[in-house]
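The numbering used here applies: residue 6 is where the sequence shown begins, and numbers increase by one. C-beta atoms are modelled at their ideal positions from N, C-alpha and C, and glycine is treated no differently. Quick notes on the structure that follows.
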Amino acid sequence: MHGLSGALRSFLKTFCGYYCRRSYGGSGVAALKNPYRHDMVAVLGETTGHQALIKLRNRMRNDPEGYTILKERPRIRLSTLDLTGMSALPDGTLGREYLHFLEENRVTPDSRADVKFVDDEELAYVMQRYREVHDLLHTLLNMPTNMLGEVVVKMFEAAQTGLPMCVLGATLGPLRLSVSRLQLLVQSLGPWALRNGGRARCFLSIFYERRWEQNLDELRHELNIEPPPVNLIPSIKNTSSNS
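Structural data, given as structure tokens:
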């Protein structure tokens with residue numbers, strides 16, 4: 006256990022180099038206490054992420070596909086998804102696996118709050134897009150929606166986006182994990198998430214709505230995302246404990 010504690014301190018120190026300058030206030034405390042409080046997570050993200058949003062917007066502008074997204078501003082909502090068509094796609098395609106993820110975890114893209122505290126219209130859309138592709142990122146990374154899966158996704162997002170709320174969640178989220186899952190995070194999944202998040206193509210620059218028929222493994226290869234070192238999905242299905 007002593008070795009794990011030392012590894013955890015070293016691991017968390019990595020994130021302290023990203024951002025530790027702002028006071029996150031009441032929304033930050035509430036978001037950390039309950040990461041499923043989407044309202045508080047939303048407020049935290051909007052009020053602390055201005056500089057990171059500018060950088061993300063610029064990355065999207067410099068990517069042909071990302072530039073198209075900024076111009077057309079598609080939304081991922083139940084009202085915009087062809088659920089019948091997606092359900093008819095073969096297993097292994099992005100659209101079919103994304104729909105399976107939504108059904109299996111009983112989540113919906115409509116649960117993502119609209120952006121309220123970002124004044125710049127284009128930056129507000131970048132934040133909105135980030136929220137609406139979050140479940141697609143779970144699908145790409147093959148991560149469940151339990152605490153461990155959310156922390157892994159937050160680590161990937163922190164390395165990709167630099168958004169303070171992602172960095173904060175990735176830093177403090179591990180404190181809520183059991184010893185066994187913390188060990189798995191520190192020794193395996195965490196380094197994988199950071200490495201892949203840092204080197205992968207910007208996940209906001211992918212026009213997912215035009216790629217539903219694409220093979221998911223091919224898309225991962227295109228984005229330079231390695232398969233996770235541990236497959237959490239089967240183990241999660243066979244246990245009643247999520248943390």
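Beta-bridge partners assigned by DSSP to T98: N220. Your pair M91 and R80 does not check out as a contact, with CB atoms roughly 16 Å apart and the cut at 8 Å. A direct Cα-Cα distance of roughly 7 Å separates G71 from F212.
Under the three-state reduction of DSSP, G178 is assigned to helix.
Annotation: the continuous alpha helix (DSSP H) that includes G203 extends over G195 to R204. The three-state reading of DSSP puts M65 in helix, counting H, G and I together. Look at G54 here: in three-state DSSP terms it is coil, with no helix or strand label.
K121 carries a coil assignment under DSSP once its states are collapsed to helix, strand and coil. For V235 and L190, the gap between their C-alpha atoms comes out near 10 Å. In the three-state scheme derived from DSSP, where H, G and I count as helix and E and B as strand, G167 is classed as coil. Restricting attention to L173, K159, E137 and M152, the CA atom closest to the CA of L86 is found in E137. Following the DSSP letters along the chain, one finds L145 inside the alpha helix (DSSP H) bounded by residues H139 to L146. In the three-state DSSP reduction, V112 falls in the coil class, being neither helix nor strand. The three-state secondary structure of I74, taken from DSSP, is helix. By alpha-carbon distance to R225, the top candidate from F208, E214, L237 and N110 is F208.
Counting the other Cβ atoms within 10 Å of the Cβ of L104 gives 16 or more, which makes it buried. Rounded to the nearest angstrom, the gap between the Cα atoms of G202 and K159 is 10 Å.
Classified as buried, E155 has 16 or more neighbouring CB atoms from the shown chains inside 10 Å of its CB. For A57 and A164, the gap between their C-alpha atoms comes out near 11 Å.
S183 and T73 have their C-alpha atoms some 43 Å from each other.
Within the same chain, no Cβ atom closer than 6 Å to the Cβ of L173 is found once the five residues on either side in sequence are excluded. Between the alpha carbons of D125 and I59 lies a distance of about 10 Å.
Residue nearest to L128 within the set R204, R62 and L237 is R62 (criterion: CA-CA distance). L99 is the residue among L99, D119 and A198 whose C-alpha sits nearest the C-alpha of R215. In the DSSP assignment, R186 falls within the alpha helix (DSSP H) that extends over V184 to L189.
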